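Chemist:
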Amino acid sequence: VPPIIYLGLQKTATSAFANFTSLLGLVTVH
Amino acid sequence: TAGARPPYWRPDYRRILQELGEERMHSLLMHAGLQAAADEAWPLMFEFIAKTRSDARFVIWLRDANDWARSAWNFFTAPNTWSRGGAYANRFFLLSYGSCRIADSNPKTLAKVYRAHTKAVLEYFHGPTASAALRNRLLVLDFTEQLAGRKLCQFALGNHADCSKHTAL
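Chains as they are written, first to last, in the numbering used here: chain F, 1 to 30; chain H, 1001 to 1169.
#1: Roughly how many angstroms separate the alpha carbons of F:F17 and F:Y6, rounded to a whole number?
#2: Let me check understanding here. Comparing Cα to Cα, which of H:G1003, H:H1031 and H:R1010 lies closest to H:L984?
#3: Could you tell me the boundaries of the alpha helix (DSSP H) in which H:R1091 lies?
#4: Starting from the C-beta of H:S1164, find all residues in its chain whose C-beta is less than 8 Å away, skip the five residues before and the five after it, and write them out in chain order.
#5: If you measure beta-carbon to beta-carbon, which residues of the region 1029-1047 of chain H are closer than 8 Å to chain F?
#6: Quick one: grab the DSSP three-state call for H:V1121.
#7: Leaving out five residues before and five after H:L1157 in sequence, what residues of the same chain have Cβ atoms less than 7 Å from its Cβ?
#8: When we look at the beta-carbon of H:T1167 and count the other beta-carbons within 10 Å, is it buried (16 or more) or exposed?
#9: Can you pull the chain F neighbours of H:D1064, defined as C-beta to C-beta under 8 Å?
#10: Which residues in the same chain as H:R949 place their Cβ atom closer than 6 Å to its Cβ, once the five residues preceding and following it in sequence are excluded?
#11: Can you grab the Cα-Cα spacing for the pair H:A1056 / H:Q1146, in whole Å?
#12: What residue range does the alpha helix (DSSP H) around H:Y1013 cover?
#13: What would DSSP say about F:T28, mapped onto helix, strand or coil?
#14: At least one CB of chain F closer than 8 Å to the CB of H:H1126: is that the case?
#15: Under 7 Å, CB to CB, which of the residues in the region 1120-1146 of chain H have a partner in chain F?
#16: Should H:M1012 go down as buried or exposed, given a rule of 16 or more other Cβ atoms within 10 Å for buried?
#17: How many Å lie between H:A1111 and H:R1091 at the Cα?
#18: For a contact meaning CB atoms closer than 9 Å, what does H:D1055 contact in chain F?
#19: Say whether the region 1077-1090 of chain H touches the region 1098-1107 of chain H, bearing in mind that this needs 3 or more beta-carbon pairs closer than 8 Å, one atom from each stretch.
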């Protein structure tokens, strides 16, 4: 899977992004 | 000598990459099996990541800068165990926002940095000099919209059948 990177600064839904991509089965670094 | 400064107020992208180590970050991006990433310092290395991994794609949610600044300020100055009433200090805070402690900054400055960062991202991926290929690598997504989860799923996995079961984020 090509990596997908979230570019929002802190407090811009970084946790929501990480939780969702993990839910999709992606190895997510947070 | 480092960190966000007037008149541009951008996080110090060059310095952040330099301190993390370009060679080390290159190796990590190429060989660590990274599939998804969020939070510092990933957003601050977008140009390096885009050049190093031509297959990498990016997502950003454009919040109102003042709302974000208030949220960040409240969180990092709150009397919780993590931010310890604003005592928590971080090198990335200095390189991103200009102060080691968010409490030493102020919401107006934070909002300037937020605007500068989103502007830098949009200019790089969607600016007049960006190629069509580069344009397609950034998804601007409103995380509060009804089908945000489905859109993010489709962007991450392609038109995967499982994406239809997702709606909101």
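Note that the Cβ used here is the ideal one computed from N, Cα and C, for glycine as well.
A quick note: this is a predicted structure, and the numbers were derived from the prediction, not measured.
Modeler: According to the data block:
#1: 7 Å
#2: Beyond the ends of chain H as shown, which are 1001 and 1169, falls residue 984 of chain H; an answer cannot be given.
#3: R1091 to Y1097
#4: R1150
#5: L1029, G1033, L1034, Q1035, A1036, A1037, A1038, D1039, E1040, W1042, P1043 and F1046
#6: helix
#7: C1163
#8: exposed
#9: By Cβ distance, chain F contributes nothing, its closest Cβ being about 11 Å from H:D1064, past 8 Å.
#10: Residue 949 of chain H cannot be examined here, being either before or after the span of chain H that is shown, 1001 to 1169.
#11: 26 Å
#12: Y1013 to L1020
#13: strand
#14: no
#15: V1121 and F1143
#16: The sequence given here places Asp at residue 1012 of chain H; Met does not occur at that position. That one is buried.
#17: 19 Å
#18: P2 and P3
#19: yes
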